[in-house]
Each structure stands twice: as C-alpha cells, then as structure tokens.
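**Q** My questions will all concern the structure given below.
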Amino acid sequence: MARYRRKTAQTVYTGSFSGIDVTEGDGGSFSSSSYMKNFRITPGHALKKRSGYRKLIDNVVADSRYAAHIGGADLLVFKNGTVLYAIDVADGPAICLDTHDGAPVGYFTFGGKVYIYGRGFYYSYDGTSFQKLTPYVPKVAVTCLPSGGGTLHESLNLLSDCARLSYSPDGVSTEYILPSYAYSVTSVVEDGAELDDSRYSYDRRTCTLTFSEAPAGGVPDSLEVTFRLSDGALAETPYIGNKFCIYGGNRDTRVFAFGEGNTLYYSDVTATGPDPTYFPADNFIQVGDGTEKVTALVRHYDRLIVFTERQTWFLSPSTVTYSGETKPSFPVYPLNSAVGCAGGAAAYADNHPVTLSFDGIYVFGQSTVRDERLAKRISDRVSTYIPYSFLSRAGIFDNEYDKELWMYADGRVLIYNYGIDAFYIYENVPAVYVFSAGGRCAFCTERAVYVFEGETDDGEPVEAVWESNSAVFDRTVKHRRLRRVSVCFTAESGTALQVTVTPNRGESKTLTFTGGQGDGGFDFGHIDFGAFSFVCGRRPSHAEQRLPLGSFESASVRLSSAGETVYVSSVSLTVDGA
C-alpha cells in the first residue's frame with residue numbers, strides 16, 4: 000500500500016510595509032526591507048512609487064541659495080559669484096538684484112522680508128523692493144554734560160561704524176567732549192533740526208566738538224551728536240557669520256548669527272521693536288572651550304538648541320543686572336557631550352530637534368530632565384546607508400505636509416517619515432538644496448530648479464525597487480516548493496511589476512504582473528489606497544512557479560518596476576513542504 004507524506008504549507012505575508020531595516024537580517028520581519036529605492040511608505044503602510052520630477056527653471060547656477068514664502072509668492076534668492084539674483088519660482092524669470100565682491104553671504108527671513116548679509120553687504124528683499132540696509136545707529140549715552148560723562152544707554156553696533164550721544168546743553172558752553180573712540184562727527188541735531196556743519200568743528204586729537212554759538216540750554220537731551228567710530232566702512236567691522244536662526248517671542252524676537260568659530264551673536268530690541276540691523280557689541284555668547292565650532296541652531300519650545308560638531312548645548316532667556324540696569328541674557332548650558340551636528344544638518348520636525356551627528360541620526364525628546372537621555376539614535380535601521388561622508392555633507396529639509404524629513408547628498412535622498420516611523424530612499428535626485436514651492440517639494444541642482452510632479456525624472460523612467468528581508472521557513476521540512484507568490488497592487492494599464500524570489504540556495508525566479516489585468520480596464524494608480532480607513536484594492540494577481548528547492552531554508556522577495564504609477568498593498572509567499 001502506498002504511503003503519502005502529509006504536506007505542510009507555510010505562508011509569509013505582509014500587508015504593512017515598514018521601510019528599511021538592515022538590523023534584522025535573515026528571519027527578521029518580512030515587512031521590513033533590506034534595500035529599497037524610489038518607493039515611499041504611505042500612511043497606510045503600503046508601497047507607492049514616488050513621483051517623478053520636471054525641470055522648472057533652467058540656468059540657475061549658484062554657489063548659495065535660499066527659499067522663502069514672501070508676499071504670497073515662493074521666492075528663491077541665490078548668489079552666483081558676484082551677482083545676487085531673485086526669482087519667483089511660479090513664473091520667473093530671474094532678476095538681478097545687485098553685485099558685490101563675491102564673498103559668502105547668508106540669508107534669513109524676518110518681518111516678511113528676506114535679509115541677505117555678507118562682509119560689507121546687508122540688504123533686504125520683500126519680493127518687489129530690494130534695499131541696502133542702514134544698520135541701526137545706537138545712542139551710547141544720554142543726558143551727557145558738555146564736559147563729558149552721562150548715562151550709558153546702548154552698546155555699539157557691530158554692523159555700524161557710527162554711534163550717537165545726546166547732551167543736555169547748559170546754554171553757555173561751546174565746547175563738548177566726545178568719547179575717545181569718536182573719529183569724526185557726521186551730524187548734529189538741535190531740538191530736532193539738523194545744524195549746518197559750518198556752525199561747528201571737531202578736533203579728533205582732543206575729541207572736542209566746538210560750536211560757533213552755544214546751543215540753547217534748559218531742555219534735557221536736546222542736542223544729539225552722531226559720530227563715526229573709524230574711517231572704514233562696514234567691511235571693517237566684525238563679521239558675525241553667514242548662518243542665522245530666529246529665536247524669541249512676539250516682542251523680543253532676535254536674530255542669532257553664527258558661522259565664525261564657537262561664537263554666537265544676537266540682535267537686540269530698540270525703541271521701535273526687534274531690529275535685525277542692531278547687533279550690540281556685547282551681545283555674544285561663547286559656546287564650549289573653543290575647540291569646536293557651532294554648526295547648527297534649532298528652536299525647541301522656550302529654549303534654543305546649540306549644536307557644535309560633537310556636542311549639544313542649550314540656552315534659554317534670562318536676565319542679568321549690570322551697573323544697576325537689568326538686561327536680557329542667554330546663558331548656555333551643556334545638554335549632551337556625545338551627540339553633535341557634524342556638518343550643519345539639523346532641523347525641528349514634529350516638535351523635536353533632529354540632528355545628523357558623526358555616528359548617526361538623533362532625535363531629542365521631551366522631558367523635564369535635560370541631559371544625555373534626551374537624545375535617541377534612530378538611524379541604526381539605515382546604518383549602512385549613512386557613512387560619515389554623508390552625515391557631514393548632507394542637507395536637510397522638513398517636508399511637513401507628508402511628515403517626512405529629507406536628508407540629501409550625492410544624488411540620494413534618505414527620508415525619515417516621522418508620521419509612521421519609517422525610512423526609505425529616493426535615488427537619482429541630484430539635489431543640493433531642497434525647498435517647498437506651491438505645496439510641492441522642489442530642489443536645486445548645480446544648474447537648474449526642479450519640482451516633483453509627473454511620472455518620469457525629466458523624461459527618464461523611474462525605477463522603483465523593494466527587497467524584503469529573508470524569510471526563514473521551518474527547518475524541519477527538507478523538501479519544499481514554492482506554491483504561490485501573491486501580490487496585491489494597482490498600476491496604470493500595461494505597467495509591469497516584476498516579482499523576484501531569491502532562495503538562500505538555488506537560482507532566483509522572476510514573475511511579471513501587469514497593471515490593468517482582471518479589473519475591467521479601470522486604473523486606480525492615482526489613488527493612495529492607504530489613505531482610506533477601509534480595505535480596498537483590485538483583485539490580487541496570482542502566479543505559480545515550481546522551484547527545485549530541496550535545501551531551501553529561506554527566501555527574499557524583490558519588487559521592481561520602471562513603469563508609471565505603482566501601488567503595492569501586500570505581498571506573500573506560500574511554500575509547500577513534505
């Protein structure tokens with residue numbers, strides 16, 4: 000009598016894709032990927048091929064660039080050598096704003112304007128008007144007597160080579176003593192009216208301002224003298240840096256500047272409110288011992304996170320009393336001595352500071368305890384894709400609409416979807432700067448501006464790949480065959496999806512499924528089915544392939560497509576054993 004062996008079937012299935020995870024290896028989650036490119040994970044944990052991109056603006060050659068939404072328009076301000084340009088991303092063309100000596104510049108947005116700062120170069124642009132800025136001239140002392148002295152009022156401005164004094168004339172004196180650092184007098188105002196320079200003279204050797212007729216007395220601070228500190232221009236004043244961060248409240252918002260070693264400079268508030276052209280000479284902060292430069296600043300609730308190359312600090316508002324006067328101050332405190340920001344890529348995403356440190360990507364959590372425990376490394380899952388050369392050179396962009404943090408360098412975009420805690424990668428994206436325009440992601444290359452839309456990369460097909468971790472089957476079963484590969488997907492009619500099964504021993508086998516089959520001719524590739532709360536999709540495509548896998552113990556699946564819109568909601572392998 001014949002004996003029949005009882006056949007056992009084992010199925011591995013995923014209907015919830017979780018992104019790249021290289022830490023699991025063989026036997027890990029089948030829903031995780033060891034390698035994927037140009038597929039994104041939807042909010043419903045399905046695979047969806049990324050959109051392509053098209054060229055938006057050609058011949059945008061720049062050595063620095065900055066995007067801002069000003070006056071209802073998406074603007075891109077950029078510098079090419081000695082020329083500064085601006086362009087409305089929606090309709091262009093680029094317009095020349097000004098020329099300068101070609102030195103590096105930095106950008107920031109403040110009060111509905113873009114500010115552009117460099118050595119001897121400070122301008123603002125509101126989308127229509129481009130203006131050279133005159134830095135605020137501080138009044139260093141008030142109620143001064145003709146013989147000198149007075150009450151200290153404001154500090155010298157690092158961005159200006161001028162300062163002011165106000166005197167209370169006695170109606171008799173014709174000689175007024177100025178500070179020793181007064182090089183020349185530029186104007187004198189009496190009771191609100193500027194005097195003709197023929198009515199006074201200035202002796203720089205004795206710092207004495209002599210009037211031909213004594214100013215009228217009796218009114219405090221009725222005489223205001225503006226003087227030059229040196230015979231140089233703005234370029235001869237200290238350079239505050241070319242990176243900026245806005246920090247503060249509605250009434251005391253300040254611009255923090257950095258980029259020069261370990262020093263932070265911050266702007267101040269004048270009688271008219273926050274002023275980004277006033278950086279007092281004593282408004283600076285030394286971070287650390289000077290061995291590491293400040294690389295990034297990120298706001299986090301009531302504090303400002305300060306990153307150096309290998310450490311993290313924070314500062315928060317306080318006050319200090321000096322000579323009887325209470326002034327705002329920003330003491331700095333250590334936060335983490337082992338995590339920093341290697342190349343300046345840090346961002347504030349989902350209410351958390353994120354930084355690319357020298358050994359991975361870290362997220363700082365929320366806690367009343369402010370120490371090393373706040374920093375959590377989230378990048379172990381993608382460690383093979385982020386060498387130090389990437390971490391130290393990558394740019395960063397928070398795609399808030401899709402809850403994605405984009406980190407980009409060398410034609411690759413590593414994306415952390417903080418909405419679903421998943422990593423994935425976009426390839427063939429040669430971005431040097433990523434920004435948002437018209438609600439879509441856009442990016443600059445070395446020579447052009449592109450926007451993500453359509454199905455091809457500027458006319459070239461987009462190949463999307465997802466490779467599973469290896470699924471390990473029951474080792475007690477010696478004889479196996481692959482009974483079924485099942486994939487549930489939607490795609491444009493005629494679009495091919497290749498499914499490759501690779502066992503740990505033996506040859507790989509590839510099956511091809513085509514979109515538009517078995518659904519009555521309707522195409523749903525434009526719909527993100529993962530966004531629905533109910534289960535939907537077209538009828539799964541099935542295929543059977545016998546494989547001589549006598550010693551087969553594990554297998555992985557590779558999904559790939561170079562066609563148009565592809566959406567995969569599930570994949571499974573069913574193996575028979577005896």
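Just so you know, we're using numbering that gives the first Met the number 0 here: the sequence shown kicks off at 0 and counts up by one. Think of the CB as a built atom: it goes at the ideal place given N, C-alpha and C, for glycine as much as any other residue.
For Ser507, which of helix, strand or coil comes out of DSSP?
**A** If you number the sequence shown from 1, residue 507 lands on position 508. Correct three-state label for Ser507: coil.
**Q** Sorted by chain position, which residues of the same chain lie with C-beta nearer than 7 Å to Thr150's C-beta, five sequence neighbours on each side aside?
**A** Residue 150 sits at position 151 when you count from the first residue of the sequence shown. Around Thr150: Ala140, Val141, Thr142.
**Q** List the whole-angstrom C-beta distance separating Arg53 from Val461, where the pair is believed to meet the contact cut-off of C-beta under 8 Å.
**A** For the purposes of this step, residue 53 is taken as residue 54 along the sequence shown, with counting starting at 1. For the purposes of this step, residue 461 is taken as residue 462 along the sequence shown, with counting starting at 1. Actually they are not in contact, since the Cβ atoms of Arg53 and Val461 sit about 12 Å apart, beyond 8 Å.
**Q** Helix, strand or coil for Ser571, going by three-state DSSP, please let me know.
**A** Here the question's residue 571 lines up with position 572 in the sequence shown. Strand at Ser571.
**Q** Using CA coordinates, which residue listed in Thr205, Pro214, Asp169, Tyr180 is at the minimum distance from Val187?
**A** Residue 187 sits at position 188 when you count from the first residue of the sequence shown. Taking only the C-alpha atoms, the option nearest Val187 is Pro214.
**Q** On a CA-only basis, which of Ile19, Ala8, Ser15, Tyr12 is nearest Ala421? Give me that one, please.
**A** For the purposes of this step, residue 421 is taken as the residue at position 422 of the sequence shown. Answer by Cα proximity: Ile19.
**Q** Between Phe38, Ala72, Gly287, Pro145, which lies nearest to Leu222 when the distance is taken from Cα to Cα?
**A** Translated into the one-based positions of the sequence shown, residue 222 becomes position 223. Answer by Cα proximity: Pro145.
**Q** What residue range does the beta strand (DSSP E) around Leu558 cover?
**A** Mapped onto the sequence shown, residue 558 falls at position 559. From DSSP, the beta strand (DSSP E) with Leu558 extends over 553-560.
**Q** If you reduce the DSSP assignment to three classes, tell me which class Arg380 lands in.
**A** In the sequence shown, counting from the first residue as 1, residue 380 sits at position 381. Arg380: helix per DSSP, three-state reduction.
**Q** What does the Cβ neighbour count give for Ser128, buried or exposed, with the cut at 16 atoms within 10 Å?
**A** Taking the first residue of the sequence shown as 1, we reach residue 128 at position 129. When all chains shown are included, Ser128 counts as exposed.
**Q** Classify Phe278 as helix, strand or coil using the three-state DSSP reduction.
**A** In the sequence shown, counting from the first residue as 1, residue 278 sits at position 279. In this structure, Phe278 counts as coil in the three-state DSSP scheme.
**Q** Provide the residue span of the beta strand (DSSP E) that contains Leu390, from first to last.
**A** Mapped onto the sequence shown, residue 390 falls at position 391. That residue, Leu390, is in no beta strand (DSSP E); its alpha helix (DSSP H) goes 387-390.
**Q** What does DSSP give as the partner residues of Gln130 in its beta bridges?
**A** The residue labelled residue 130 in the question sits at position 131 within the sequence shown. According to DSSP, which records beta bridges pairwise, Gln130 is partnered with Ser123.
**Q** Please tell me whether Tyr34 has its Cβ less than 8 Å away from any Cβ of chain C.
**A** You won't find chain C in this structure, because it holds only one protein chain.
**Q** Below 8 Å between beta carbons: does that hold for Leu96 and Ala85?
**A** What you label residue 96 is simply residue 97 of the sequence shown in a count that begins at 1. What you label residue 85 is simply residue 86 of the sequence shown in a count that begins at 1. Yes. Within cutoff.
**Q** When DSSP labels each residue in this structure, what does Arg482 get in the three-state scheme?
**A** The residue labelled residue 482 in the question sits at position 483 within the sequence shown. It is a strand residue.
**Q** Can you tell me the Cβ-Cβ gap for Leu158 and Phe278, rounded? I've got them flagged as a contact below 8 Å.
**A** In the sequence shown, residue 158 corresponds to position 159, counting from 1. In the sequence shown, residue 278 corresponds to position 279, counting from 1. Rounded, the Cβ-Cβ distance is 5 Å, consistent with contact.
**Q** With a CB to CB cut of under 6 Å and the five nearest residues on each side skipped, what residues in its chain are close to Ser211?
**A** Sequence index remark: in the sequence shown, residue 211 carries index 212 (1-based). Same-chain partners within the cutoff: Arg198.
**Q** Who are the near neighbours of Lys292 in its chain, counting only those whose CB is closer than 7 Å to its CB and skipping five residues on each side?
**A** The count along the sequence shown starts at 1 and reaches residue 292 at position 293. Answer for Lys292: Gly260, Asn261, Thr307, Glu308, listed in chain order.
**Q** Nearest CA to the CA of Leu208: which residue from Tyr180, Glu174, Asn241?
**A** Along the sequence shown, read from residue 1 onward, the residue named residue 208 stands at position 209. Residue Glu174 is the option with its Cα nearest to Leu208.
**Q** Given a threshold of 16 other Cβ atoms within 10 Å of its Cβ, counted over all protein chains shown, does Gln310 qualify as buried or as exposed?
**A** As a first step, residue 310 must be located in the sequence shown, where it is residue number 311. By the neighbour-count rule (16 or more Cβ atoms within 10 Å), Gln310 is buried.
**Q** If we ignore side chains and look at the alpha-carbon of each, how far apart do Ser17 and Ser30 end up?
**A** On the sequence shown, position 18 is the one that residue 17 refers to. On the sequence shown, position 31 is the one that residue 30 refers to. Taking the straight line joining both Cα atoms gives about 6 Å.
**Q** On the DSSP bridge assignment, give the partners of His351 in chain order.
**A** Walking along the sequence shown from the start, residue 351 turns up at place 352. BP columns for His351 point to Ala348.
**Q** Would you list the one or two residues that DSSP bridges to Pro333?
**A** Translated into positions along the sequence shown, residue 333 becomes position 334. Paired residues: Trp312.
**Q** Would you call the stretch 451-469 in contact with the stretch 60-76, where contact means no fewer than 3 C-beta pairs closer than 8 Å?
**A** Touching, no, given that fewer than three Cβ pairs across the two stretches are closer than 8 Å.
**Q** Excluding the 5 residues preceding and the 5 following Gln285 in the sequence, name in chain order all residues of the same chain whose CB lies nearer than 7 Å to its CB.
**A** For the purposes of this step, residue 285 is identified with residue 286 of the sequence shown, where counting begins at 1. Result list for Gln285: Asn261, Thr262, in chain order.
**Q** Within 10 Å of its beta-carbon, does Val224 have 16 or more other beta-carbons around it, so buried, or fewer, so exposed?
**A** The residue labelled residue 224 in the question sits at position 225 within the sequence shown. Classification of Val224: buried, given that the 10 Å Cβ count is 16 or more.
**Q** Buried or exposed for Pro578, please, with buried defined as at least 16 other CB atoms from any protein chain shown within 10 angstroms of its CB.
**A** Since the first residue of the chain shown is 0 and the last is 577, residue 578 is not available in this structure.
**Q** Is the Cβ-Cβ distance between Ser553 and Ser469 less than 8 Å?
**A** Start at 1 with the first residue of the sequence shown, and residue 553 comes out as number 554. Start at 1 with the first residue of the sequence shown, and residue 469 comes out as number 470. Yes, the Cβ-Cβ distance between Ser553 and Ser469 is below 8 Å.
**Q** Check Ser183 in the structure and name its three-state DSSP category.
**A** For the purposes of this step, residue 183 is identified with residue 184 of the sequence shown, where counting begins at 1. Correct three-state label for Ser183: strand.
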